[in-house]
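Residue numbers (the working numbering): 350 to 746.
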C-alpha cells in the first residue's frame with residue numbers, strides 16, 4: 350500500500366487496485382465546503398463516505414425535531430443523563446456556529462448535495478451519536494459522568510468569546526473533538542470513545558466499501574487515525590470488525606452491585622444502632638440518614654428552581670429511593686415536576702434556541718425537568734456518601 354499526501358487536507362491512500370481519497374475538513378470553515386464540492390466534482394468517485402450518522406444527517410437536513418420527545422418516557426427508561434448530554438452537545442455546536450457565522454457540518458451537507466446531483470452513491474460512515482454517548486456513559490463512573498457533564502455545560506454556556514487563534518484551532522476539529530480534547534487528560538475513557546473508537550469505525554466503514562475510487566469526507570483531526578487503521582486493515586494486522594465498537598458494553602458487575610452493597614451497608618449500620626445502642630441511638634442514626642439524603646436532594650431540586658411541591662417530595666423520597674437501586678430520586682422528582690409543570694408545545698418548538706443559554710435551560714419546562722432530575726440525583730448521591738462515614742462513626746464511637 351502506498352500513500353501520497355497532496356496537502357494538509359487531502360491524502361490519497363492506495364489499497365491494492367483501490368484508491369481512497371481522504372478529504373480532511375474544517376467543520377466550521379467555508380473553505381472546506383468549497384473544497385469538498387470541488388474535489389467530488391473533479392474526482393467523480395464511485396462512492397463518497399461522509400463522517401456523519403444517518404440520524405444526525407436527517408436532523409441537519411430537516412432541522413432538529415423535538416416534538417415527539419416524551420420526557421416522562423425518557424426518565425422511566427433511565428435516559429435522562431444521555432438526553433441532557435445530547436442537548437448540551439447541541440448547544441455547544443450551535444454556540445460555535447454563532448461565534449464563526451456558519452453552521453456546523455455544512456461540508457457534509459454539500460457532499461450529499463453534489464452526490465445527488467451527479468448520481469454518486471454516498472454512505473453515512475460515522476457511528477450513531479447515541480451509541481457513542483452510551484458507550485462513553487457505560488465506561489464512566491458516576492463521578493466521571495459528573496465531570497463530563499460539568500465540562501460539557503461549561504463549554505456550552507461560557508460567555509467568553511473565542512479568540513482568533515482559538516477559532517483557527519477549531520477549524521481543524523469537529524465540535525466533538527474540541528470538547529473531548531478538554532476532557533482527555535482526566536477522562537481518558539471518554540476521549541477513547543469519542544476519538545479513537547470513531548477513527549476505527551470510520552476507517553472500517555471506508556475500508557469495507559467495494560468501489561475502485563472512494564472519497565471520504567472526514568474531520569481533519571481524524572485523518573491520521575484513519576490512515577493508520579486503513580494500513581492495519583489492508584495488512585490484515587487488524588480485523589474489519591464494527592461490532593466491537595458498536596455495542597454498548599454491559600456495566601461492570603461490581604459497579605452494578607455497588608448500589609445494593611451500599612443499601613445493605615446502610616441497613617446493617619442502622620440495625621446495629623438499634624440492636625447495640627438501643628432505640629434512641631437507632632433513631633438518631635435513622636434521622637442522620639433522612640436529613641443527609643433528603644436535605645441535599647431537596648437542595649439540588651431547589652438549585653434547579655423546581656416547583657415547591659417537587660422540592661418537598663425530593664426531601665421525602667430521597668432517603669427511600671437511595672435504599673432502592675431500581676429507582677432513583679431523580680426519576681421521581683423529574684416525573685413530579687413534569688406533571689406539575691407539563692412541557693408545552695412552545696417549549697418543544699423553542700428547544701433549539703433555549704438550549705443555547707443557561708437562562709433558556711431554566712425557562713424551558715422540558716429542560717427544567719432534566720435539571721430537576723440531575724440536581725436532585727446529585728444531591729441524594731452526595732447525601733449518601735456524607736451519611737455513610739457518619740453512621741459508621743456513631744457505631745464505632
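In this text, a Cβ means the ideal position worked out from N, Cα and C, and glycines have one as well.
Everything numeric in this text was worked out from a predicted model, so none of it was measured.
Quiz item: Would residue 476 pass as a contact of residue 383 if the rule is Cβ separation under 9 Å?
Solution: no
Exercise. Measure the C-alpha to C-alpha separation of residue 421 and residue 625 and round it to an integer number of angstroms.
Key: 44 Å
Exercise. Identify whether residue 396 lies in helix, strand or coil by the three-state DSSP scheme.
Key: strand
Quiz item: Among the residues of its own chain, which have a CB less than 6 Å from the CB of residue 554, if the five just before and after it don't count?
Solution: 474
Quiz item: By the 10 Å Cβ neighbour count, where 16 or more other Cβ atoms means buried, how is residue 720 classified, buried or exposed?
Solution: buried
Quiz prompt | Close beta carbons around residue 665, own chain, < 8 Å, minus the five adjacent residues each side | solution = 643
Exercise. Could you confirm whether any beta carbon from chain C is found closer than 9 Å to the beta carbon of residue 670?
Key: Given the protein chain composition of this structure (a single chain), no chain C is represented.
Exercise. Run the CB neighbour count on residue 673, radius 10 Å, all protein chains shown included, and call it buried at 16 or more, exposed below.
Key: exposed
Practice problem: Tell me the start and end of each unbroken beta strand (DSSP E) in the region 552 to 581 that is at least 3 residues and wholly inside, in chain order. | Solution: 562 to 568, all fully within the region 552 to 581.
Quiz item: Exposed or buried, residue 570, counting other C-beta atoms within 10 Å across all chains shown (16 or more means buried)?
Solution: Residue 570 should be labelled buried.
Quiz item: Under a Cβ-count criterion, where at least 16 other Cβ atoms within 10 Å of its own Cβ denotes burial, should residue 606 be classed as buried or exposed?
Solution: Residue 606 should be labelled exposed.
Quiz prompt | Range covered by the alpha helix (DSSP H) that runs through residue 467 | solution = Looking at the DSSP string, the run of the alpha helix (DSSP H) that includes residue 467 is 455 to 467.
Quiz item: Taking the continuous alpha helix (DSSP H) assigned at residue 708, which residues delimit it?
Solution: 707 to 712
Quiz item: DSSP puts residue 367 in a beta bridge; with which residues?
Solution: 364
Quiz prompt | Supposed close pair residue 567, residue 400 - CB separation, criterion 8 Å | solution = 4 Å
Practice problem: Classify residue 687 as helix, strand or coil using the three-state DSSP reduction. | Solution: helix
Exercise. Pick helix, strand or coil for residue 644, following the three-state DSSP scheme.
Key: Looking at residue 644 - three-state DSSP - the assignment turns out to be helix.
Exercise. Spell out the partners DSSP gives residue 359 in its beta bridges.
Key: 372
Self-check item: Residue of 724, 483, 457 minimising C-alpha distance to residue 747
Solution: Look at the range of the chain in this structure, 350 to 746, and you will see that residue 747 is not part of it.
Exercise. Measuring alpha carbon to alpha carbon, tell me which of 730, 623, 629, 594 ends up nearest residue 668.
Key: 730
Self-check item: Spatially closest choice to residue 478 from 573, 431, 468, 633, by CA coordinates
Solution: 431
Quiz item: Between residue 590 and the rest of its own chain, which residues show a CB-CB distance below 8 Å, the 5 nearest in sequence each way excluded?
Solution: 553
Practice problem: Pick out whichever of 584, 484, 580, 577 has its Cα sitting closest to the Cα of residue 539. | Solution: 484
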